[in-house]
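Chains as they are written, first to last, in our numbering: chain A, 1 to 165; chain B, 166 to 341. Positions of the beta carbon are idealized from the N, C-alpha and C atoms, including for glycine. See below for the structure under consideration.
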Amino acid sequence: MTNETVRQQLTEKFGEQLTEWEEQFGLLTFTAPAEMNLKVIQHLYDDESLRFRFLTDLTGVHYPERKGEELCVVYHLHNLVDNIRLRFKIYVPSEKPDVYTITQRFSTANWMERETYDFFGINFIGHPNLIRILNVDEMDYFPMRKEYEMEDPTRRDKDNEMFGR
Amino acid sequence: MAETEKMIFPAQLHQTADGGIVVSKLDEMINWARSNSLWPLVFGTSCCAIEMMSAADAKYDWSRFGFEVARATPRQADLIIVAGTIVMKMAPVLKRLYDQMPDPKYVIAMGACTISGGPFFYNTYSVVKGVDHVIPVDVYIPGCPPRPEALLHAMITLQEKIKHETYFGKTKESGK
């Protein structure tokens, strides 16, 4: 099984709904509409030839320039039998970042989704315990969103000469 | 106390016909006992903890100076070496561990992170900028991370500090 056959099988099943196909560094990447994430992951899991049954990682990305779909959820899946990985993305608007949870399929997604909620504020519908995991409970913002000023690039108080180097 | 007398038992022996009498000061006896048996708590939150583990192992061997065994419960520990970054979420846990330690208790702040937040001093949302915001510190060791020798030096400095305490003064001063 290769990236090509995986792409072919997925296109046969879902057709034009899967977009933005890429193969960066040999890692097959594609995008689906946000409400289809469960369907796609279920198919990747159940299909006898695809067998993507290991969730390597689940995280978020903030793309402020993608207006109307600023927040991205990334799933990294691994077929342990044929040793093939893929990356699957969905996009949601930052005003209403609702995504269906995949905890019923992968138990490991529980903490990963909590982390993604913690840092990006993505609301995983149906998650059994969607509370902050790494940051303090009182935090009222989502720190990994690109909403905060970058460090001043002209500052000199961290230059080597300030430390006698 | 003179430099050469540091590790000597703080008392004089007066020979008598049937043995002898030891004469000493209560403060010095207590400080001698305390400073030479300081058991650290097993507590490490990042890379400094690796250096702390080195200080405990056979090569540096902090047991030579009376630090002996690290205890995995605060109830049996005299000393907490804060080895590593303390984040906001860890701060209440650290405070609780400190509160659970019996008096007299001592704190060593090991490394840049525990002194000031270190590399996380600027633009952070999660790191406590100095462990002394949470618990009182006796000895600070700069470094990122400090070498085991530096840690041993700090621990011996703490022993020196303890040797100059007054037993009743300590409890009164700290108000515990």
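Can you tell which of the options has the C-alpha that lies nearest to the C-alpha of residue i?
i              : options                           : result
V302 (chain B) : B:T181, B:Y271 and B:S202         : B:Y271
I215 (chain B) : B:G231, B:E233, B:T250 and B:T238 : B:T250
E149 (chain A) : B:D226, B:H298 and B:N288         : B:N288
D47 (chain A)  : A:N79, A:F25 and A:R114           : A:N79
G126 (chain A) : A:V136, A:K13 and A:A109          : A:A109
R312 (chain B) : B:I300, B:G231 and B:M217         : B:M217
A315 (chain B) : B:Y225, B:Q241, B:E233 and B:T331 : B:Y225
K328 (chain B) : B:S281, B:I186, B:H179 and B:L191 : B:L191
W204 (chain B) : B:E233, B:V299 and B:C278         : B:E233
S211 (chain B) : B:R229, B:W197 and B:V292         : B:V292
Q42 (chain A)  : A:R114, A:L28 and A:L10           : A:L10
E95 (chain A)  : A:R145, A:L58 and A:P153          : A:R145
L55 (chain A)  : A:E70, A:R85 and A:S49            : A:R85
F120 (chain A) : A:D140, A:R155, A:R87 and A:G60   : A:G60
M112 (chain A) : A:P97, A:L134 and A:E161          : A:L134
K343 (chain B) : B:A277, B:R199 and B:F174         : As shown, chain B starts at 166 and ends at 341. That puts residue 343 (chain B) outside it, with no answer to give.
P257 (chain B) : A:V136, A:Y117, A:E69 and A:I131  : A:V136
F163 (chain A) : B:W227, B:Q324 and B:G308         : B:G308
What's the gap between the Cα of residue i and the Cα of residue j?
i              : j              : result
S107 (chain A) : F124 (chain A) : 14 Å
L38 (chain A)  : I102 (chain A) : 6 Å
K341 (chain B) : P269 (chain B) : Because the pLDDT at K341 (chain B) is just 40, under 50, the model does not fix this residue reliably, and the value given afterwards should be weighed accordingly. Between K341 (chain B) and P269 (chain B), the C-alpha separation is close to 10 Å.
A182 (chain B) : A176 (chain B) : 19 Å
A242 (chain B) : M255 (chain B) : 19 Å
M36 (chain A)  : V81 (chain A)  : 25 Å
M166 (chain B) : T322 (chain B) : Per-residue confidence for M166 (chain B) stands at a pLDDT of 43, beneath the threshold of 50, marking its modelled position as unreliable; the derived number appears in the next sentence. Whole-angstrom Cα-Cα distance: 14 Å.
G15 (chain A)  : Y63 (chain A)  : 26 Å
F208 (chain B) : S189 (chain B) : 36 Å
I186 (chain B) : M266 (chain B) : 36 Å
T2 (chain A)   : C72 (chain A)  : 26 Å
R261 (chain B) : E22 (chain A)  : 50 Å
Q17 (chain A)  : D140 (chain A) : 36 Å
G26 (chain A)  : D264 (chain B) : 53 Å
Q180 (chain B) : D222 (chain B) : 42 Å
S219 (chain B) : N201 (chain B) : 20 Å
P97 (chain A)  : I122 (chain A) : 5 Å
E330 (chain B) : W197 (chain B) : 10 Å
G276 (chain B) : H298 (chain B) : 15 Å
Y117 (chain A) : N129 (chain A) : 11 Å
A235 (chain B) : R7 (chain A)   : 56 Å
L244 (chain B) : L206 (chain B) : 6 Å
F285 (chain B) : E4 (chain A)   : 45 Å
S49 (chain A)  : E65 (chain A)  : 37 Å
Under 9 Å between beta-carbons, which chain B residues line up against residue i? List them in chain order, please.
i              : result
L134 (chain A) : V252, K254 and S291
P33 (chain A)  : By Cβ distance, chain B contributes nothing, its closest Cβ being about 32 Å from P33 (chain A), past 9 Å.
Thinking residue i and residue j are a contact (beta carbons under 8 Å), I'd like their distance in whole angstroms, please.
i              : j              : result
V74 (chain A)  : A34 (chain A)  : Going by Cβ atoms, the distance from V74 (chain A) to A34 (chain A) rounds to 13 Å, so no, they are not a contact pair.
K89 (chain A)  : T31 (chain A)  : 5 Å
A319 (chain B) : V304 (chain B) : 5 Å
I246 (chain B) : I273 (chain B) : 5 Å
F183 (chain A) : L44 (chain A)  : Residue 183 (chain A) falls outside the range modelled here, since chain A spans only 1 to 165, and no answer is possible.
T29 (chain A)  : R87 (chain A)  : 4 Å
Output the boundary residues of the beta strand (DSSP E) element that contains residue i.
i              : result
E22 (chain A)  : T19 to Q24
R87 (chain A)  : I84 to V92
V74 (chain A)  : L71 to N79
T322 (chain B) : T322 (chain B) -> not in any beta strand (DSSP E); alpha helix (DSSP H) instead, spanning P313 to K328.
V99 (chain A)  : D98 to Y100
F106 (chain A) : Counting along the chain, F106 (chain A) falls outside any beta strand (DSSP E), and DSSP gives it neither H nor E.
I125 (chain A) : N123 to I125
L203 (chain B) : Element bounds for L203 (chain B): n/a, residue is neither H nor E.
Please compile the residues from chain B whose C-beta is within a distance smaller than 7 Å of the C-beta of residue i.
i              : result
E12 (chain A)  : Near E12 (chain A) there are no residues of chain B at all, since even the closest Cβ is about 46 Å away, more than 7 Å.
D143 (chain A) : Per the sequence presented here, residue 143 (chain A) reads as Pro, with Asp not at that position. Within chain B, the residues near P143 (chain A) are Y290.
Whose Cβ in chain B lies nearer than 8 Å to the Cβ of residue i?
i              : result
E151 (chain A) : Y287 and N288
Taking the alpha helix (DSSP H) that residue i falls in, what are its first and last residues?
i              : result
I195 (chain B) : L191 to S200
Q9 (chain A)   : N3 to F14
N135 (chain A) : Segment: none, N135 (chain A) is in no alpha helix (DSSP H) and carries neither H nor E.
L262 (chain B) : A256 to Q265
A214 (chain B) : C212 to A221
Flag residue i as yes when its Cβ comes closer than 7 Å to any non-hydrogen atom of the ligand GDP, and as no otherwise.
i              : result
K146 (chain A) : For the ligand GDP, the structure offers nothing, since it holds no ligand at all.
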